[in-house]
Structure formats: structure tokens, C-alpha cells
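Notes follow the structure.
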Amino acid sequence: MRALSLVSVIVTTQQTRAFTRTSSAVLSSAIQRRTMGASSSSENSYPRTNIVILEIEESRVEKFRQVAEIDAKGSRAEAGCYRFDVLQDKEQANKFVFYEVYKDDDAIAFHKTTSHYKAWADFKKEGGVISQTVLQTDAIEFEP
Numbered sequence: 001m002r003a004l005s006l007v008s009v010i011v012t013t014q015q016t017r018a019f020t021r022t023s024s025a026v027l028s029s030a031i032q033r034r035t036m037g038a039s040s041s042s043e044n045s046y047p048r049t050n051i052v053i054l055e056i057e058e059s060r061v062e063k064f065r066q067v068a069e070i071d072a073k074g075s076r077a078e079a080g081c082y083r084f085d086v087l088q089d090k091e092q093a094n095k096f097v098f099y100e101v102y103k104d105d106d107a108i109a110f111h112k113t114t115s116h117y118k119a120w121a122d123f124k125k126e127g128g129v130i131s132q133t134v135l136q137t138d139a140i141e142f143e144p
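Shown next, in the form of C-alpha cells:
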């Protein structure tokens with residue numbers, strides 16, 4: 001009977017160690033996801049950023065600038081928009097960057113329902129955007 005008890009203690013100890021290792025790994029992974037911004041938007045404490053790199057047809061640059069101004073000014077008035085900048089390349093006048101910072105994913109979703117965003121979406125549908133690259137990030141060092 002004593003041998004059986006010793007085996008039970010060994011098995012129980014091994015199971016406890018395995019559980020502890022597994023629990024530590026899961027907790028560590030959760031902490032890493034949280035600090036790396038991989039959590040859901042409701043848990044994410046970092047502002048969300050979009051960096052949109054655009055190349056516009058040269059014949060549509062003036063119209064683009066008008067639409068970009070409408071979108072930027074309207075976006076800045078949104079409660080969840082911390083920043084919306086439109087930048088133009090110094091060497092290639094048809095290349096632009098939108099630098100957008102929002103409180104969270106919900107603020108981005110709201111932005112896409114607005115009339116000023118629709119002006120931008122309509123411009124894209126009409127043609128004139130040669131290329132568009134979007135980089136979505138968390139603003140880990142940001143001051144609104």
C-alpha cells in the first residue's frame with residue numbers, strides 16, 4: 001500500500017509540474033499578446049494607426065488634394081480620431097501618405113461610415129489611384 005501511495009505522489013507531482021509549466025506558458029503567451037497589441041480592440045490600450053501610401057495619376061492630383069482635404073478635416077473632427085495628416089512626397093508630386101491615428105478599431109469603423117470618408121471612397125472608385133499600400137499598426141509611443 002505504501003508503494004502505491006508513493007507512486008500516486010510521484011504522478012501527482014509530475015502532473016502538477018506539467019500543469020504549472022503549461023499554465024505559465026499560456027499566461028506568458030497572453031501577456032506577450034497583450035503587450036504586442038494582439039488583443040481585441042476592447043482590451044487594446046494602444047491607439048490604432050493607418051499609414052496609407054498612395055500613388056495618384058498625375059492628371060488627378062488636384063482632385064485628389066481636394067478630396068484628401070475634405071477627408072482630413074472631417075476626420076479630425078471625429079471624437080475617436082487623434083490625428084489625420086496628408087503628406088506629399090517632395091520628389092514625386094503624385095505620391096502621398098495618409099497618417100491616421102484613431103482611439104481604437106471602433107473609431108476606425110465609425111470613420112468608414114462618414115460622408116468625408118465616402119468622398120475618398122468615391123474618388124477611388126472613379127479611378128486615379130495607381131497604387132495603395134496600407135500599414136496598420138499600434139501607436140505604442142504616442143502622445144495625442
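Residues 1 to 144 (the UniProt record's numbering) make up the sequence shown, in order. No residue lacks a Cβ here, since even glycine has one placed at the ideal position from N, Cα and C.
Item	Value
Contact the segment 118–132 vs the segment 81–88: 3+ CB pairs below 8 Å	no
Check whether residue 48 and residue 112 have beta carbons under 9 Å apart	no
Close-in-space but distant-in-sequence residues of the same chain around residue 119 (CB under 7 Å, 5 per side omitted)	67, 70 and 71
CA-to-CA distance, residue 139 to residue 116, given in whole angstroms	24 Å
Within 9 Å, strictly: CB atoms of residue 114 and residue 50	no
For residue 61, the nearest candidate out of 121, 53, 45 and 95 (CA to CA)	95
Anticipated Cβ contact below 8 Å, residue 97 with residue 87, distance rounded	4 Å
Cα-Cα separation, residue 124 to residue 109	18 Å
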